[in-house]
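K.L.:
Below is a structure I'd like to ask you about.
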Amino acid sequence: MLAAGAATALTMPFYARRGFAADTINVGVIQPLSGANAQFGINSRNGIQLVADEINAAGGIKSMGGAKINLIISDATSNPTQAATVAQRMMSQDGVCAVLGAFASSLTLAISEVTERRGVPLLTMSFSDQVTGRGFRNIFQVVSKASQLGSATITHTLDLARKAGDEITKIAIMYEDTAYGTSQAGGLRAAAEANGIEVVMDEAYPLGITDVSPLINQLRRTEAQAVFPVSYLNDSLLIIRNMRQQGINLPTIGGAAGYIIPDFRNGLGELADDVLSISPAAYDQAPEFTERFRERFGYFMVHEAQEHAACMGVLASALEKAGNADPRQLRDVIAAETFDEGWATVMSGGKIKFDETGLNIHAVPMMVQWRGDELVTVAPADYAKAEAVWHSL
Numbered sequence: 114m115l116a117a118g119a120a121t122a123l124t125m126p127f128y129a130r131r132g133f134a135a136d137t138i139n140v141g142v143i144q145p146l147s148g149a150n151a152q153f154g155i156n157s158r159n160g161i162q163l164v165a166d167e168i169n170a171a172g173g174i175k176s177m178g179g180a181k182i183n184l185i186i187s188d189a190t191s192n193p194t195q196a197a198t199v200a201q202r203m204m205s206q207d208g209v210c211a212v213l214g215a216f217a218s219s220l221t222l223a224i225s226e227v228t229e230r231r232g233v234p235l236l237t238m239s240f241s242d243q244v245t246g247r248g249f250r251n252i253f254q255v256v257s258k259a260s261q262l263g264s265a266t267i268t269h270t271l272d273l274a275r276k277a278g279d280e281i282t283k284i285a286i287m288y289e290d291t292a293y294g295t296s297q298a299g300g301l302r303a304a305a306e307a308n309g310i311e312v313v314m315d316e317a318y319p320l321g322i323t324d325v326s327p328l329i330n331q332l333r334r335t336e337a338q339a340v341f342p343v344s345y346l347n348d349s350l351l352i353i354r355n356m357r358q359q360g361i362n363l364p365t366i367g368g369a370a371g372y373i374i375p376d377f378r379n380g381l382g383e384l385a386d387d388v389l390s391i392s393p394a395a396y397d398q399a400p401e402f403t404e405r406f407r408e409r410f411g412y413f414m415v416h417e418a419q420e421h422a423a424c425m426g427v428l429a430s431a432l433e434k435a436g437n438a439d440p441r442q443l444r445d446v447i448a449a450e451t452f453d454e455g456w457a458t459v460m461s462g463g464k465i466k467f468d469e470t471g472l473n474i475h476a477v478p479m480m481v482q483w484r485g486d487e488l489v490t491v492a493p494a495d496y497a498k499a500e501a502v503w504h505s506l
């Protein structure tokens, strides 16, 4: 099955395309294209596809004689075991020079075990602290890690509340019991303690939850002045809808993921108005790039698409610098260089440079807020595009 645009092979379980011409560069893309996180995977694939198509249309990788990017796209089926299996297959059968993916931290962690053994670079926008916390040499995280996102969520929230004349002393945290959720909740917890804030609710819930009423009932019994849910899409919709139906109108600050994609607004309508969220990147920071995504796909460039586009931009620059597609040479270039041109500049810090763990040292967490059908950056002040709407209790 071939997708439009960049030369692309879709590798489904137990099937792989092989035998591409010598003037192509095989790049692995592993995303959850089916299952609970499919929309995030589709968004991520779209971001990568856009950049690959633009590179190819502009003449390919110049230092390699105009070699074209060939995306080998595999469905992780929202399953870590499947993600690791397709990673192994695309390296052994398709000879990919690098892998991009895989949105969910649990998938990325599984893939990274394979790429590390094979010495193949893995560029990711997954949040978990574990991504770059295990001493691996071949993984590169373009976003702030989850604990940093959690800490920034508290810091930005306190700033916005104080501007509105509120002083927050008690908060509630609820989070999905996954690598993403637990890492980000840890950052929230630590930042709350550092700021003298009492966490009056600190509750994990299982992946795939279908009834959040016990969580919301527990929240109602607290004296929380703001609530911080860390959720993917389905649970984010359940949490906000249940809160509003019960008349709970606490300031709500999401943990990215499900809170900052069009499906959140589409699913909640006006209930989404003024919901805040942390975000590793924001499309209003680089409209000269992100509007090209909207023109092609018909919706704003969600953060996972933006960050995966940055991953593809970094890889393309590394290929130009290396002049070949040898994974080990690419790894060394990615580790050494500062990427400050093209799609690498769409990240909030304007450029990408990885530290010795593989973490992007220039990443800056954004606070965004829903205004109608759009997200606008409201913090930090140097990046804000609008004043935040804060609903005092």
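According to our numbering, the sequence shown is numbered sequentially starting from 114.
Built from N, CA and C at the ideal position, the CB exists for glycine as well.
#1: Using the C-alpha atoms, what's the distance from A317 back to V227?
#2: Is L518 helix, strand or coil when you go by DSSP?
#3: Would you mind working out which of D495, L236, N156 sits nearest I374, comparing C-alpha positions?
#4: Decide yes or no for the touch test of the stretch 175–186 against the stretch 134–151: beta carbon pairs closer than 8 Å, at least 3 of them.
#5: My output table needs one value for V477: the three-state DSSP class, helix, strand or coil.
#6: Label R158 either buried or exposed according to how many other C-beta atoms from any shown protein chain fall within 10 Å of its C-beta, with 16 as the threshold for buried.
#7: State buried or exposed for R307, treating a residue as buried only when at least 16 other CB atoms are found within 10 Å of its CB.
#8: Tell me which same chain residues have a C-beta within less than 6 Å of the C-beta of Q297, skipping the five on either side of it?
#9: Among the residues of its own chain, which have a CB less than 6 Å from the CB of R407, if the five just before and after it don't count?
#10: Tell me the rounded alpha-carbon separation between A170 and L163.
#11: Taking its Cβ as the centre, do 16 or more other Cβ atoms sit within 10 Å of D324, making it buried, or is it exposed?
#12: Please decide whether S392 counts as near chain D, where near means a Cβ-Cβ distance under 9 Å.
#13: Short of 7 Å in beta carbon distance, which residues of its chain neighbour A120, apart from the five on each side in sequence? Order them along the chain.
#14: Who are the near neighbours of T291 in its chain, counting only those whose CB is closer than 8 Å to its CB and skipping five residues on each side?
#15: Could you give the DSSP three-state label for I373: helix, strand or coil?
#16: Are the stretch 444–456 and the stretch 413–431 touching, with three or more C-beta to C-beta distances below 8 Å?
P.N.:
Taking the structure as given:
#1: 29 Å
#2: What the structure shows of the chain is the stretch from 114 to 506, and residue 518 is not part of that stretch, so it cannot be assessed.
#3: N156
#4: yes
#5: coil
#6: buried
#7: According to the sequence displayed, residue 307 carries Ala and not Arg. Classification for A307: exposed.
#8: A259, L262, G263, V343, G368
#9: F413
#10: 11 Å
#11: exposed
#12: No chain D appears in this structure, which consists of one protein chain only.
#13: Because the pLDDT at A120 is just 47, under 50, the model does not fix this residue reliably, and the value given afterwards should be weighed accordingly. Within the same chain, A120 has close Cβ partners T137, K181, N183.
#14: A217, S218, S219, L320
#15: coil
#16: yes
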